[in-house]
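What follows is a short report on a single structure.
Protein chains: 2
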Amino acid sequence: MSSTTNSGPSLREIGRDAMRARITEIALDLFAEHGFDQVTVDQIAAAAGMSGRTFHRYFPAKEDVVVGEPEQWGEFVRDAFAARPADEPVWDSLLASFVAFVGLLEQNGRVQRGKVAMRVLVSTTSLRARNLEKHQLWGRMLVPLVAARLADDDDTALRAEIIVQAALACLDVAFTTWANVDDDTTISELLERSFAALRPQV
Amino acid sequence: MSSTTNSGPSLREIGRDAMRARITEIALDLFAEHGFDQVTVDQIAAAAGMSGRTFHRYFPAKEDVVVGEPEQWGEFVRDAFAARPADEPVWDSLLASFVAFVGLLEQNGRVQRGKVAMRVLVSTTSLRARNLEKHQLWGRMLVPLVAARLADDDDTALRAEIIVQAALACLDVAFTTWANVDDDTTISELLERSFAALRPQV
DNA sequence: GCCATATCTGTCAGTCACTGACATGAATGG
DNA sequence: CCATTCATGTCAGTGACTGACAGATATGGC
C-alpha cells in the first residue's frame, strides 16, 4: 500500500467514487426522461453494464443516486458554521455556511447536472421525502452549535431548534425555486432573499 | 339509501372509519412495543383478524396508519386560516390556525394515543419522511392564501413560501418536543413559544 | 512468475410492501 | 326470493432490497 503516496483516499476509493459518478450520470438521464418511478434499478444497472445487485453495492437505496451523501456535506456545513466568528448573528452565520456549501457545489461543477437532479427531486414525492431526511440530519448537527451561540434564557433549546429548521426551510425553498426557474438566477441570490424574509428577528 | 337520514357520512363510511380506528389502535400498540420497522403488515393484519390484502384496502401504505389523513386536516387548517381577519398579521393567523387544529385533535380525544403515535413517528426515519410530505401538502394549500395577504412587492411569492415553511417547521418542532417530554406541557403552549421565536419579523 | 489474500461481481433465493384479477360469501334492496 | 353490491380472501406478480455463495480479478509478498 506504500506504492504511490499514502495520502487521503486510497486507490480503490477513487475507483469507487468514479463508478458512483458514472452510475449517477446514467441514472439521472433515465430519470429525467422517464421519471423516477418509471425506471427500475435493474434498468439503471443494465444501462451501466452491471447487475442490480451490484448497483445496490454502490447505492444502498435507489433514492440515494439523486440525493447524494448528506453526511459528508452536512459535516462541511457544520464546520463552516463553526468557523464563523462567535459574535456574528447566528442567522448571518447560517446564511454564510449555506452560501459556502453552494459555492462548493458550483466548484465541483455539479450545478449543471444538479439542476437536472433537482428537477427530478422536486417532482418526485419519495425523493422529496428522502431529501427532507437529509435536512433532519443537518439539523441534528447544527442545533448544538446554534444553541451555544444563543443567549441562555429558558427557551434556548427550543429557539435553536426553530432557527435551524427555519434556515433549512430557506435552503429548501431556495433550491426548489432555483430548480423551477429557467433564467440564470443564482442559488446564492435566492438563498439571500430567502434569509432576508426572516432576518429581522434572529 | 333513504332509510334513516340522508345526512353526512353514509352508514358504510362510519363502519369504515371504525375499522380504520381499530386497525390503528392495534398497529400502534405493536409499533410502540417492537418498533415500526420490526412489524410487518401481515402481522398487523393477523392481529386485527384480516388478511394483509385487506389491510391495504384501508391504508394504502403502512406509514399511513401512523401519519393519518393529511388531506382532511390540511383542509381544516386552510379553512381556519381563511376565516381569520384580513388585517391580522399572517404570522398570528397561522399560529391561530394551528392552535385551532390542535384543539380539534384534543377534542377528538386523539391526544393520549397521539403521544404514542408521535413517539413512534419521531423515532422512525421513514415515518418522519412521510410526515414531512404532509407538510409539503399543507404548504401548497396555504401558500396562495398567505401570498394574497402580503404586501405586493417583487418577492411576494418567495416570501409567502418561506413564511409558510417556517410556520410548518414551528408546528413540527412543537409536536416533536411535546412527544419527547413527559410533563403536561400543552402542544398549544409549545406552539406559541415556537412561533414567538420567529415572530418579530413577519 | 507464483501463490495467498482481499475485493468485486454475478447469481440465486428470500423478505417485504404493494397491486391487480378473480372468486366467494354476506348484506342490501326491491 | 332474487339481483346487485360490497367486503374479503386467495393467488400471482412486481419491485426494492438483503444475505449467502462462488467465480473472477487484482494486489502484495516471495
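So the sequences go chain by chain: A and B.
So for the first sequence, the working numbering puts the first residue at 1; every next one is plus one.
So for the second sequence, the working numbering puts the first residue at 1001; every next one is plus one.
C-beta: ideal position from N, C-alpha, C; glycine also.
Tell me which residues share the same chain as residue i and place their Cβ nearer than 7 Å to its Cβ, disregarding the 5 neighbours each side in the sequence.
i, result
"serine 51(A)", "Ala45"
"arginine 159(A)", "Leu150"
"glutamine 1043(B)", "Leu1030"
"isoleucine 1187(B)", "Val1102, Ala1174, Phe1175 and Trp1178"
"lysine 62(A)", "Val41"
"arginine 1057(B)", "none"
"aspartate 1092(B)", "none"
"valine 1039(B)", "Leu1030 and Phe1031"
Out of curiosity, what's the CA-to-CA distance linking residue i and residue j?
i, j, result
"alanine 1167(B)", "glutamate 1192(B)", "11 Å"
"arginine 1078(B)", "glutamate 1069(B)", "15 Å"
"threonine 176(A)", "glutamate 106(A)", "16 Å"
"leucine 94(A)", "leucine 132(A)", "18 Å"
"leucine 1190(B)", "alanine 148(A)", "21 Å"
"arginine 1110(B)", "histidine 135(A)", "29 Å"
"methionine 118(A)", "arginine 140(A)", "23 Å"
"cysteine 170(A)", "glycine 1015(B)", "43 Å"
"methionine 1019(B)", "tryptophan 138(A)", "39 Å"
"arginine 22(A)", "alanine 48(A)", "8 Å"
"valine 116(A)", "threonine 1185(B)", "45 Å"
"valine 1173(B)", "asparagine 108(A)", "34 Å"
"valine 1067(B)", "alanine 1082(B)", "25 Å"
"glutamate 25(A)", "phenylalanine 1195(B)", "42 Å"
"valine 164(A)", "leucine 142(A)", "7 Å"
"proline 60(A)", "threonine 1125(B)", "15 Å"
"threonine 1156(B)", "aspartate 1182(B)", "41 Å"
"alanine 1129(B)", "aspartate 37(A)", "17 Å"
"arginine 1113(B)", "valine 1122(B)", "14 Å"
"leucine 145(A)", "glutamate 161(A)", "11 Å"
"serine 1007(B)", "tryptophan 1073(B)", "Because the pLDDT at serine 1007(B) is just 47, under 50, the model does not fix this residue reliably, and the value given afterwards should be weighed accordingly. Answer to the nearest angstrom: the Cα atoms are 21 Å apart."
"valine 1120(B)", "leucine 1104(B)", "21 Å"
"alanine 86(A)", "asparagine 180(A)", "36 Å"
"alanine 96(A)", "leucine 1198(B)", "19 Å"
"valine 1041(B)", "histidine 1034(B)", "13 Å"
"alanine 80(A)", "aspartate 154(A)", "27 Å"
"leucine 127(A)", "phenylalanine 98(A)", "21 Å"
"aspartate 152(A)", "arginine 84(A)", "19 Å"
"arginine 12(A)", "aspartate 1017(B)", "56 Å"
In chain A, which residues lie with their C-beta within 7 Å of the C-beta of residue i?
i, result
"arginine 1193(B)", "Asp155 and Leu158"
"leucine 1198(B)", "Ile162, Ala166, Leu198 and Gln201"
Chain A partners of residue i, CB-CB under 9 Å?
i, result
"isoleucine 1187(B)", "Near isoleucine 1187(B) there are no residues of chain A at all, since even the closest Cβ is about 13 Å away, more than 9 Å."
Less than 8 Å between C-beta atoms, sequence neighbours within five positions excluded: which residues of the same chain meet that for residue i?
i, result
"threonine 1054(B)", "Ala1045"
"glutamate 71(A)", "Leu137"
"glutamate 1075(B)", "Met1141"
At 8 Å on the CB atoms, spell out the chain B contacts of residue i, in chain order.
i, result
"threonine 125(A)", "Glu1133"
"threonine 177(A)", "Leu1158 and Glu1161"
For a contact meaning CB atoms closer than 8 Å, what does residue i contact in chain A?
i, result
"aspartate 1029(B)", "Those do not exist, as aspartate 1029(B) stays about 26 Å from chain A at its closest Cβ, beyond 8 Å."
"aspartate 1042(B)", "Per Cβ cutoff of 8 Å: no residues; aspartate 1042(B) is ~23 Å from chain A at best."
"glutamine 1136(B)", "Arg128"
"glutamine 1169(B)", "Reading off the sequence, residue 1169(B) comes out as alanine, not glutamine. Ile162, Gln165, Ala166, Leu168 and Ala169, listed in chain order."
Which same chain residues end up closer than 6 Å to residue i when comparing Cβ atoms and leaving out the 5 residues on each side of it in sequence?
i, result
"alanine 27(A)", "Ile44 and Val65"
Is the beta carbon of residue i within less than 6 Å of some heavy atom of the ligand NAP?
i, result
"glycine 1035(B)", "The ligand NAP is not part of the structure shown, which contains no ligands of any sort."
Which residues in chain B have a C-beta closer than 9 Å to the C-beta of residue i? List them in chain order.
i, result
"aspartate 172(A)", "Gln1165"
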